[in-house]
Each structure stands twice: as C-alpha cells, then as structure tokens.
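Below is one structure, written out as structure tokens, with a few remarks after it.
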Amino acid sequence: MLDLRPNCECCDRDLPPEAPDAYICSFECTFCADCRARLPGERCPNCGGELVRRPIRPASKLAANPPSTTRIVKPDGCAGLFRDGGAAAF
C-alpha cells in the first residue's frame, strides 16, 4: 500500500491524496510537478529513479486506508539540485 505522503520534499507544497500533480519514485520519495520539472532528467534526487505520477486513491478507500501525515522535507529544499540552480519558488 502506498503511503501517499502529504507534501513535496523540495518545496513542502501540500499534495493531498487526490493531487493530480504528485510524483513518486519506487521508494515513494514525493515531489510536486513543478519541482519534478526542474530536477535533472526529472529523476529522484535521492535515488536517481524515475519519477512517475502518483495514483489517486479512491475517496471511498481513504477512511480504511488513510494517507500518511508524516511530512518529509529536505533541509535546504532542493537548492542546488535544480537544473536552473535555483531554490524552490513556492
């Protein structure tokens, strides 16, 4: 079962379970579409894996299978990791 982490690891943007712009790698590192687009090769900065769109869990299944509430944020966001060298702008 996917954790459905609540935020982007780079910019801390909220990514609720129904977010169409949430991306994950095979380890479930989670990023928003804007940050993903700025990462080299649109790859996970943690493992180098492919970032794919996170599936949306049906609302009817959330009560029995709630999303994670644990926020994971890189201490410096993704500063220095983005192709343009900038920090997350959110």
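Heads up: the sequence shown at position 80 corresponds to 81 in the numbering used here, and the numbers run straight through without jumps.
Just so it is clear, CB atoms sit at the ideal spot from N, CA and C, and this is done for glycine as well.
Please read these numbers as outputs of a predicted model, since none were measured by experiment.
{"Query": "Whole angstroms are fine: how far does the CA of K62 sit from the CA of R6?", "Result": "16 angstroms"}
{"Query": "Could you tell me if F83 is buried or exposed, where buried requires 16 or more neighbouring beta carbons within 10 angstroms of its beta carbon?", "Result": "buried"}
{"Query": "With a 10 Å radius around its C-beta and 16 neighbouring C-beta atoms as the bar for buried, classify N8 as buried or exposed.", "Result": "buried"}
{"Query": "Is it true that the CB of V74 sits closer than 7 angstroms to the CB of R29?", "Result": "Sequence check: residue 29 is Glu here, not Arg. Result no, Cβ atoms of E29 and V74 do not sit closer than 7 angstroms."}
{"Query": "Alpha carbon to alpha carbon, how far is P46 from A90? Give it in angstroms, no decimals.", "Result": "Confidence at A90 is low in this model, with a pLDDT of 48, below 50, so the placement of that residue is unreliable and no value is reported for it."}
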